[in-house]
DNA sequence: ATCGTGACCTGGCTGC
DNA sequence: TGCAGCCAGGTCACGA
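In our numbering, the protein residues as written are 4 to 297.
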């Protein structure tokens, strides 16, 4: 669930409370969330201050500066939330026991805390020095909301792949941050069948996909993300974009555009949702008709 | 190289 | 009510 808009919402919610705080200690309750031994992870974060909170793809990125007694670099704590990960802020006055499935507990110098909770434990956390972060980031595709991400880049990249366009959108090496919900929603708005080969899309369809993908992601960020079950913001509240979904999870319901019935198909081992009337398989839309799908 | 499939882990829902 | 079976937003490794 946590895709780009959810990671962005969490990062924004953590920025003000975390900025300038120092990490007093890290308690690791679920070591399998880490790729290094917990002692090493703990040592890499203790007594370091938070310089920034951002996002790359679906990952929340916390920049930690050098601790008081050490010189050196700004490292980054990269949090991949997997399917059910939550990053929750605890205010100083909240004593409360840790919630179930808490994996990590970061104690901050103002008495507040940051909790990583993950029921399914598909999430991963790592502290990366600058060069390792650069390598990791280079392995991800472009940010779809970046100013430099233009329609021609998307069209060019799509034209080189025979993969079904929905699978293409899910591949983080090709484009960062898109998951199953927003891939399905963008394709529905662009009226493109998710199973069509990426390279078979017309340039017009590529331009449309570029536009609607960005608008879907922006609207979802404005709504605080999509809560279907697990996702919560840093304050523990739900995102409201589920109300705006047109196809995802709406199997059997009417299409908001043509009143046809939304169906679910299996594609690459996972569910895809579409309106068969608005998103016909195998053929392209008439490019002379300059309709503006929304 | 590219693409598709299954595994990872746990909880919630459905249907018998 | 109990329980087996199925499903889930993500990523990774493997084999065709």
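We put the beta carbon where it would ideally sit given N, CA and C, even for glycine.
>> So, under 8 angstroms CB-CB, residue 228 and residue 9 are touching, yes? Tell me the CB distance rounded to an integer number of Å.
In response: 4 angstroms
> Between the C-alpha atoms of residue 51 and residue 131, what's the straight-line distance to the nearest angstrom?
Replying inline: 14 angstroms
> Based on Cα-Cα distance, which residue from 249, 75 and 234 lies nearest to residue 191?
Replying inline: 249
> Bridge partners of residue 135, per DSSP?
Replying inline: Bridge partners of residue 135: none, in fact.
>> Between which two residues does the beta strand (DSSP E) holding residue 273 run?
In response: 273-277
> So residue 79 is in the beta strand (DSSP E); what residue range does that whole segment cover?
Replying inline: 78-83
>> If contacts are defined as beta-carbon pairs under 8 angstroms, then residue 85 and residue 121 qualify, I think. What distance do you get, rounded to the angstrom?
In response: 6 angstroms
> Under 8 angstroms, do residue 276 and residue 260 count as touching if we go by C-beta distance?
Replying inline: no
> residue 238: which of 272, 80, 16 and 172 sits nearest, CA to CA?
Replying inline: Looking from the CA of residue 238, the closest CA among 272, 80, 16 and 172 belongs to 16.
> Going by beta carbon distance, what residues of the same chain come within less than 8 angstroms of residue 281, once the five residues before and after it are set aside?
Replying inline: 191, 194, 258, 260, 261 and 263
> Which ranges would you report for the alpha helix (DSSP H) in the segment 187-267 if only whole runs of at least 4 residues count?
Replying inline: 206-225
>> My output table needs one value for residue 8: the three-state DSSP class, helix, strand or coil.
In response: helix
> With which residues is residue 119 paired in a DSSP beta bridge?
Replying inline: 90 and 107
> When the Cα atoms are used, what is the spatial distance from residue 32 to residue 142?
Replying inline: 29 angstroms
>> When you compare the CB positions of residue 177 and residue 198, do they come within less than 8 angstroms of one another, or not?
In response: no
> According to DSSP, is residue 47 helix, strand or coil?
Replying inline: helix
>> Here's the rule I'm using: 16 or more other beta-carbon atoms within 10 Å means buried, otherwise exposed. How should residue 98 be labelled?
In response: exposed
> Can you tell which of 106, 43, 26 and 18 has the C-alpha that lies nearest to the C-alpha of residue 64?
Replying inline: 18
>> Taking a contact to mean a Cβ-Cβ separation below 8 angstroms, would you say residue 36 touches residue 124 in this structure?
In response: yes
> Between residue 297 and residue 40, what straight-line distance do the alpha-carbon atoms span, to the nearest angstrom?
Replying inline: In this prediction, residue 297 has a pLDDT of 48, which is less than 50 and means its spatial position is unreliable; what the coordinates show is noted afterwards. Distance between the alpha carbons of residue 297 and residue 40 is about 48 angstroms.
> Can you tell me whether DSSP reads residue 178 as helix, strand or coil?
Replying inline: Note: residue 178 maps to coil in three-state DSSP.
>> When you compare the CB positions of residue 89 and residue 53, do they come within less than 8 angstroms of one another, or not?
In response: Taking 8 angstroms as the Cβ cut-off, residue 89 and residue 53 do not qualify as a contacting pair.
>> Once the 5 residues before and after residue 69 are set aside, which same chain residues still bring their CB inside 6 angstroms of it?
In response: 75
>> Please report the distance separating the alpha-carbon of residue 292 from that of residue 207.
In response: The pLDDT assigned to residue 292 is 38, lower than 50, so where the model puts this residue is not dependable; a value taken from the coordinates is nonetheless given after this. Cα to Cα, residue 292 sits roughly 11 angstroms from residue 207.
>> Taking 7 angstroms as the limit between beta carbons, can you name the residues of its chain near residue 209, skipping five residues before and five after?
In response: 154, 157, 158 and 161
>> Let me check understanding here. Comparing Cα to Cα, which of 119, 95, 243 and 20 lies closest to residue 105?
In response: 119
>> Looking at the secondary structure, which residues open and close the beta strand (DSSP E) in which residue 38 lies?
In response: Note, residue 38: premise wrong, no beta strand (DSSP E); not H, not E.
> Should residue 256 be labelled buried (16 or more other beta-carbon atoms within 10 Å of its own) or exposed?
Replying inline: exposed
>> I'd like to check one pair, residue 26 with residue 49: are the Cβ atoms closer than 8 angstroms?
In response: yes
> Alpha carbon to alpha carbon, what distance is there between residue 223 and residue 242?
Replying inline: The alpha-carbon atoms of residue 242 and residue 223 are separated by roughly 8 angstroms.
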